[in-house]
Amino acid sequence: MDELVIKSKIKDFKVKFVDNTNFLKEMFTIPHYVVFVGSIVHEFYKEKIFDRFPNEKMIVMKLDEEKKTIDTAIKLYKKLMTKQGKKNLTMISFGGGINQDIAGFVASTLYRGINWIYVPTTLLAMADSSIGLKTSLNFGSIKNMIGSFYPPTEVYIDINFLKTLKRQDYASGVGEIMKLLLMKEDSSKNLAKIVEKVEILDCQEDKKRMIEIIKEAMQIKLSYMEGDEFDKGRRNLLNYGHEFGHALEPASDYQVPHGIAIVIGMIFANYISVKRKWMRSKLFDYLNENIFIPYMRRSMIKLKKDFFKPSTLLANMKKDKKRESSDLVLILPKENLNLCKVQDLTIQEFETGLREVQKILIF
Numbered sequence: 001m002d003e004l005v006i007k008s009k010i011k012d013f014k015v016k017f018v019d020n021t022n023f024l025k026e027m028f029t030i031p032h033y034v035v036f037v038g039s040i041v042h043e044f045y046k047e048k049i050f051d052r053f054p055n056e057k058m059i060v061m062k063l064d065e066e067k068k069t070i071d072t073a074i075k076l077y078k079k080l081m082t083k084q085g086k087k088n089l090t091m092i093s094f095g096g097g098i099n100q101d102i103a104g105f106v107a108s109t110l111y112r113g114i115n116w117i118y119v120p121t122t123l124l125a126m127a128d129s130s131i132g133l134k135t136s137l138n139f140g141s142i143k144n145m146i147g148s149f150y151p152p153t154e155v156y157i158d159i160n161f162l163k164t165l166k167r168q169d170y171a172s173g174v175g176e177i178m179k180l181l182l183m184k185e186d187s188s189k190n191l192a193k194i195v196e197k198v199e200i201l202d203c204q205e206d207k208k209r210m211i212e213i214i215k216e217a218m219q220i221k222l223s224y225m226e227g228d229e230f231d232k233g234r235r236n237l238l239n240y241g242h243e244f245g246h247a248l249e250p251a252s253d254y255q256v257p258h259g260i261a262i263v264i265g266m267i268f269a270n271y272i273s274v275k276r277k278w279m280r281s282k283l284f285d286y287l288n289e290n291i292f293i294p295y296m297r298r299s300m301i302k303l304k305k306d307f308f309k310p311s312t313l314l315a316n317m318k319k320d321k322k323r324e325s326s327d328l329v330l331i332l333p334k335e336n337l338n339l340c341k342v343q344d345l346t347i348q349e350f351e352t353g354l355r356e357v358q359k360i361l362i363f
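Take the sequence shown: its position 70, counted from the start at 1, is 70 in UniProt numbering, and no numbers get skipped.
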């Protein structure tokens, strides 16, 4: 079993790469455990995985972005409190980022912290969020407003789960990996390699290379977390594309998945950099023509004009928890895609950037 040890000031944990369901045997030996899974994942893997667990160990709930709230967390608290075990209880959660956020938040707060094992079933969760230590809940129309830092005890990654993902859910993960690959040191000098890696992920045929790319994305993310685990400085740069992307998700009633929204957010941020003369137009055009636009086409996402109402997007961006002034916050790329955080994005710049995004996305 291939393993990666993640260092954390809270607690170190292991990411284990597996290729079959034999890892479940380790879970059956845990004295007090419960399995938490969303209804869709449960339906897909009922016979292969979940029927192997006793019924009394299972908690199955309908999960989607609109249910990533404190109300859902309270429902899970109540169910967990009926189970055997208190501080010695282990919650095993299977699912994507929504499952992870809810499970992690509840695990971090119930009895002031219980053990939590996470089995990600989406590409985005495998390559990115599973090692991020963050748990987040939405509050009203504000995304990820409530949360904590709480790593799982263990993470099990099996890319066989990816076979059952819908096209746009899979594309969402590819989008987040693209962002991380672009953030790698000297990434602007290796753009052709990034295009090649995205194509490998799209094909889903070379499992060995897919795992290598997932590990590379993890290592890039960890390089930004090193020395800034709790997101006070350099780690902020991982929000490249996220300010606009997080505004777009609720504006579309979450019809635009997270990773796809982040790619649109990167196009927005890149254009602002071009207008500020921080990024060359040549690089901007290359990224759009060779990476972003082909990706958007392959995702087959249907974008509507209603998703891009200036007043809604602006209101959502003003709710960004990192905002410290009357202007907007944004992570911007400079030459060679070196990133910086700005707190002075003006309303005029926002409007100009939004018009350009709509023009590029052809509607």
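For every residue, glycine included, the Cβ atom is placed at its ideal position computed from N, Cα and C.
Where the alpha helix (DSSP H) through residue i begins and ends
| i | result |
| --- | --- |
| I159 | Careful: I159 lies outside any alpha helix (DSSP H) and carries neither H nor E. |
| L80 | 70-80 |
| K25 | 24-28 |
| Y271 | 258-275 |
Neighbourhood of residue i by C-beta, 7 angstroms cutoff - its chain only, sequence neighbours within 5 removed
| i | result |
| --- | --- |
| T352 | K275 |
| E154 | F13, K14, K16, I117 |
| L301 | According to the sequence as given, residue 301 is Ile; it is not Leu. Contacts found: Q168, V256, I260. |
| K197 | L181, I213 |
| D327 | Q343, D344, L345, T346 |
| K86 | Y111 |
| K179 | Y240, G241, I262, M266 |
| A73 | I102, F105, V106, L137 |
Reference residue i, options the options, closest by Cα
| i | options | result |
| --- | --- | --- |
| Y111 | L137, A103, T122, M81 | M81 |
| I10 | K78, V37, M296, K134 | K134 |
| E243 | L222, G97, V35, K143 | K143 |
| K359 | E205, Y271, R280, L339 | Y271 |
| V60 | D344, V119, L165, V37 | V37 |
| Q84 | I114, F94, T69, T109 | I114 |
| D186 | N336, D158, R355 | N336 |
| N138 | Y254, I159, K79 | Y254 |
| N190 | L287, Y156, S148, M210 | L287 |
| K341 | K322, K67, Q348 | K322 |
| S223 | L201, F350, M183 | M183 |
| R355 | K282, F268, L303 | F268 |
| I220 | H42, C203, G95, S129 | S129 |
| E229 | S148, D285, I291, G95 | S148 |
| D71 | Y45, G96, I102 | I102 |
| P294 | Q348, G245, I194, E249 | I194 |
| residue 364 | Q100, N20, S299 | In this structure the chain extends from 1 to 363, so residue 364 is not present and cannot be described. |
| Y150 | Q348, T109, N55, K304 | T109 |
| K25 | N290, F50, E3, L4 | F50 |
| V41 | K277, H32, T90, L162 | L162 |
| D251 | F44, E65, P120 | The question names Asp, but residue 251 is Ala in the sequence shown. Of F44, E65, P120, the residue nearest in Cα terms is E65. |
| E47 | M27, G227, I30, T21 | T21 |
| I30 | E3, S8, K78, N88 | N88 |
| H32 | G233, T90, S188, G95 | T90 |
Bridge partner(s) assigned by DSSP for residue i
| i | result |
| --- | --- |
| D2 | F17 |
| S148 | T135 |
| T90 | Y33, N115 |
| G38 | M61 |
| L345 | L328 |
| L339 | P333 |
| P120 | G95 |
| residue 391 | There is no way to answer for residue 391, as the model of the chain reaches only from 1 to 363. |
Close-in-space but distant-in-sequence residues of the same chain around residue i (CB under 6 angstroms, 5 per side omitted)
| i | result |
| --- | --- |
| A247 | L313, N316, M317 |
| I177 | A127, A217 |
| V35 | F53, K57, M58, I92 |
| M266 | G241 |
| S39 | V60, K62 |
| L339 | L237, Y240, I331, P333 |
| I131 | I6, M218 |
| M225 | R235 |
| H258 | S172 |
| G175 | G259, I260, I262, V263 |
| I146 | L137, F139 |
For residue i, the first and last residue of its enclosing beta strand (DSSP E)
| i | result |
| --- | --- |
| I331 | 328-333 |
8 angstroms CB neighbourhood of residue i in its chain, flanking five on each side removed
| i | result |
| --- | --- |
| S281 | V274 |
| K75 | M61 |
| I98 | G38, L63, D64, E65, K67, K68 |
| F44 | T164 |
Heavy atom of the ligand HEM within 8 angstroms of residue i beta-carbon
| i | result |
| --- | --- |
| M225 | This structure lacks the ligand HEM, and indeed carries no ligand of any kind. |
Taking only runs of the beta strand (DSSP E) that begin and end inside the UniProt domain "3-dehydroquinate synthase C-terminal" (173-322), which ones reach a length of at least 3 residues, in chain order? Segments of the beta strand (DSSP E) lying fully in the UniProt domain "3-dehydroquinate synthase C-terminal" (173-322): there are none.
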